[in-house]
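Scroll down for the structure; my scribbles are underneath it.
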Amino acid sequence: MGVLHVVSRSPYTGLDISHCLQRMDEGDALLLIAGAVYGACRDSLVAAAIQAGSVKCYALAPDLEARGIALEQLLPEVTPIDFDGFVDLAVAYPRILSW
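Residue numbers for the sequence shown follow the working numbering, beginning at 72 and rising by one.
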């Protein structure tokens, strides 16, 4: 199993998501939390990069909801997950890298 990359900073305040996507390998997964969930939107600065990647991408649903992001606004490549899903990812990916 690959690495779970957890990004928390919005793509509008930093380059963490972009840098993360450039360094991810096949088998890795990306989890967007906190302000980074803005990157999961169809019109985000990193939408094209997420769509071009071959890694699994998730966004924490409570953080989407807290920011008023509707599921219809998400890229089709992004799967919303709850806190239980976050725990499941942490178990599935023994290596976690926070950005």
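Idealized CB from N, CA, C, for every residue including glycine.
Identify the continuous alpha helix (DSSP H) that holds residue i and give its terminal residues.
| i | result |
| --- | --- |
| L92 | D87 to R94 |
Does residue i come out as helix, strand or coil in the three-state DSSP assignment?
| i | result |
| --- | --- |
| I152 | strand |
| I167 | strand |
| V126 | coil |
| A100 | strand |
Take residue i as the anchor and find which of the options has the nearest alpha-carbon.
| i | options | result |
| --- | --- | --- |
| V77 | Q122, K127 and C112 | K127 |
| T150 | R80, L103, D87 and Q93 | L103 |
| Q144 | F154, P165 and G110 | G110 |
Might you give, ordered along the chain, the residues of its own chain that have their beta carbon closer than 7 Å to the beta carbon of residue i, omitting 5 neighbours on each side?
| i | result |
| --- | --- |
| D96 | G73 |
Can you tell me whether residue i is buried or exposed, with buried defined as 16 or more other CB within 10 angstroms of its CB?
| i | result |
| --- | --- |
| I167 | exposed |
| P82 | buried |
Spatial neighbours of residue i within its chain, please: C-beta separation below 8 Å, excluding the five flanking residues on both sides.
| i | result |
| --- | --- |
| A118 | G110, C112 and L146 |
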